[in-house]
Amino acid sequence: MRSFLLFLHKYRAFLVFILLETAAFFLVVQNSNYNRATFFNSTNYVVGSLLETSSNIENYFSLTRTNQQLSNENARLRAKYLALLAKLEENDKVDTISNFAFINSKIVNNNVFLLNNTLTINSGSNQGLKPGMGVIGNNGIVGKVKRVGTNYSTVVSVLDVDVKISAEIKNKINLCTVQWDGKSPEYAKVLYVPRHYNLAVGDTVVTSGFNAIYPIGIPIGIISKLTLPEDASFFDIQIKLINDFTSLSLVEVVLNKDLPQIDSLTQTVQE
Amino acid sequence: MNKDSALKLITFFGYLLFQVLLFNKMVLLGKGFAFIYVGFLLTFQFELGIIAAMLIGFATGISVDIFSNTLGVHASASVLLMYLRPILFKMFTPHGGYPAGAKPTPTVMGFSWFSTYSLILIFLHHFWLFIVEAGGFHLFLFTIQKIILSTFFTFSTIIIIQYLFSKKAGSR
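In structure tokens form, the structure reads like this:
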């Protein structure tokens with residue numbers, strides 16, 4: 001017993017080191033889970049409001065650019081609206097009612113150079129956010145809500161090496177996967193596209209209908225590099241992401257009204 | 001609370017605010033980070049007990065983690081740094097030992113002593129940090145570029161901060 005105590009005393013520094021490292025690694029692992037530990041991250045009120053104040057100041061310097069982005073988006077939406085209006089007049093019966101609603105939010109903190117990047121936005125459970133909801137920016141998809149505090153939430157960015165997005169290539173392939181390779185915040189990869197498809201640089205990659213997070217057809221990126229190695233069975237596709245993640249400031253959270261029903265159905269199937 | 005630890009606490013918040021609000025957003029070529037809070041950990045006095053040192057490292061790391069949503073990553077690297085610190089002190093003991101109550105800063109120990117000491121520790125800290133962040137050794141080439149660029153970026157920022165804020169030899 002005595003020698004054991006002596007041993008503990010002699011190696012106490014090393015033992016404390018092991019203890020603290022274990023605690024740290026426990027936190028690292030737990031941090032990658034959803035719905036846990038809502039206190040120790042930027043959804044925390046103190047942390048969130050500090051980051052928000054800082055981003056408020058920063059935003060003054062990018063007002064011109066934000067305005068430009070918004071007016072571009074306005075123009076695009078107006079063109080779409082007019083096209084839809086014309087279609088409506090052709091056949092006066094419309095059978096699709098939109099299942100999606102959108103909640104406006106502002107980004108208060110944004111990482112782009114880590115491997116698992118997150119954003120913090122200034123809306124939370126008070127505004128009706130729940131983990132798992134999709135987030136889109138003014139050009140295309142941004143990510144998925146991870147943790148929800150009362151007034152702040154964190155969002156897993158598309159720029160996360162562990163995130164896979166169900167996608168399609170417009171008019172060509174109706175199911176493929178988009179994943180970020182961790183290198184540049186401007187580019188991502190499209191995986192598992194068999195070599196018999198006829199693709200071209202400039203094709204648009206959008207979200208597919210096989211997910212309940214994003215509405216169908218939200219832009220993700222545009223094919224910027226396309227190679228087909230001789231011995232590979234899949235294309236090697238690089239896309240340029242449609243959102244400039246370094247300059248994002250406003251986003252919308254997608255509220256899918258069917259989500260609870262879809263979730264409960266999936267759960268029943270899994271059970 | 002005595003004057004010295006009050007000053008240390010203020011320094012801590014100073015480092016933390018500059019780290020999370022300014023330096024977290026300054027990234028060189030998408031790969032070089034400046035983790036200036038390492039400078040706060042490097043310059044604790046020589047006599048600081050190793051267990052207290054590791055606890056301080058853990059607390060500092062966690063504070064930075066909370067703001068960057070990387071819970072545990074900075075904490076584990078900072079604990080490692082504080083654990084290795086006394087070993088480096090032992091390796092680089094100058095003739096006649098260390099002056100009592102002194103701190104390992106460039107103004108006290110000289111530029112070349114401080115740069116050897118801090119470059120080694122910063123490199124080990126960053127190595128550990130980016131490997132933990134990547135979750136292993138895949139993407140190794142990319143990670144090693146990040147480690148090297150960040151080591152130099154952090155080192156130069158820390159040196160500048162040290163010379164800007166140390167009033168006279170022995171203070172801070």
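Residue numbers (this note's numbering), protein chains in the order written: chain A, 1 to 271; chain B, 1 to 172.
C-beta atoms are modelled at their ideal positions from N, C-alpha and C, and glycine is treated no differently.
Looking at the DSSP output, Lys225/A shares a beta bridge with Gln238/A. Secondary structure at Gly202/A: coil, using DSSP grouped into helix, strand and coil. Contact with chain A is found for Glu133/B, since one of that chain's Cβ atoms lies less than 8 Å from the residue's Cβ. Interface annotation, Phe67/B: in contact with chain A, CB-CB separation under 8 Å. In summary, no residue of the segment 196-208 of chain A has a CB separated from any CB of chain B by less than 9 Å.
Per DSSP, the beta-bridge partners of Leu250/A are Lys106/A. Under the Cβ criterion of 8 Å, Val38/B is not counted among the residues facing chain A. Judged by beta-carbon spacing, Leu71/B lies within the 8 Å limit of Leu27/A, meaning their Cβ atoms are closer than that value.
The contact set of Lys183/A on chain B, defined by CB atoms closer than 9 Å, consists of Gly30, Leu139 and Phe142 in chain order. The Cβ of Glu89/A sits no closer than 8 Å to any Cβ of chain B.
The continuous alpha helix (DSSP H) containing Lys3/B extends over residues Lys3 to Leu17.
Distances from the alpha-carbon of Val46/A to those of Gly32/B, Phe67/B and Ala59/B put Phe67/B closest. Contact between the segment 29-39 of chain B and the segment 154-168 of chain B is present, with at least three C-beta pairs closer than 8 Å.
Pairing Phe92/B with Tyr117/B gives a Cβ-Cβ distance under 8 Å. The way I'd put it, the segment 197-207 of chain A does touch the segment 217-235 of chain A; three or more beta-carbon pairs between them come closer than 8 Å. Under the Cβ criterion (8 Å, minimum of three pairs), the segment 108-124 of chain B does not count as touching the segment 6-26 of chain B. Between the alpha carbons of Ile147/B and Pro94/B lies a gap of roughly 29 Å. Straight across, the Cα-Cα distance linking Leu17/B with Phe33/B is about 16 Å. Checking the DSSP bridge columns, you'll see Gln179/A partnered with Lys164/A and Lys189/A. Counting C-beta atoms within 10 angstroms of its own C-beta, Glu52/A has 16 or more neighbours from the protein chains shown and is therefore classed as buried. Of the other Cβ atoms in all chains shown, fewer than 16 fall within 10 Å of the Cβ of Pro260/A; this residue is therefore exposed. In terms of beta-carbon proximity, Phe58/B lines the interface with chain A, with at least one pair separated by less than 8 Å.
Residue pairing for Val135/A: DSSP places it in a beta bridge opposite Gly143/A and Val253/A. A straight-line Cα-Cα distance of about 9 Å links Lys25/B and Phe113/A. Residue range Asn116 to Ile121 is occupied by the beta strand (DSSP E) that includes Ile121/A. Under a criterion of Cβ atoms nearer than 7 Å, the residues of chain B adjacent to Phe25/A are, in order, Gly72 and Ser76. Taking all protein chains in view, the Cβ of Lys144/A is crowded by 16 or more other Cβ atoms within 10 Å, so the residue is classified as buried. Taking a beta-carbon distance threshold of 8 Å, Met54/B counts as an interface residue toward chain A. Classified as exposed, Glu47/B has fewer than 16 neighbouring CB atoms from the shown chains inside 10 Å of its CB.
Contact of Val79/B with chain A is assigned, a C-beta pair being separated by under 8 Å. When Cβ-Cβ separations below 8 Å define contact, Tyr83/B makes contact with chain A. For Lys170/A, same chain residues with a beta-carbon under 7 Å away, outside a window of 5 residues either side, are Asp203, Thr204 and Val206 in chain order. For Arg195/A, the closest C-alpha among the options Lys172/A, Ser208/A and Asn74/A is that of Lys172/A. Between the segment 138-153 of chain A and the segment 108-126 of chain A, the count of C-beta pairs closer than 8 Å reaches three or more; the two stretches touch.
Residue contact with chain A for Ile158/B: absent (no Cβ-Cβ distance below 8 Å to any residue of chain A). The three-state secondary structure of Thr107/B, taken from DSSP, is helix.
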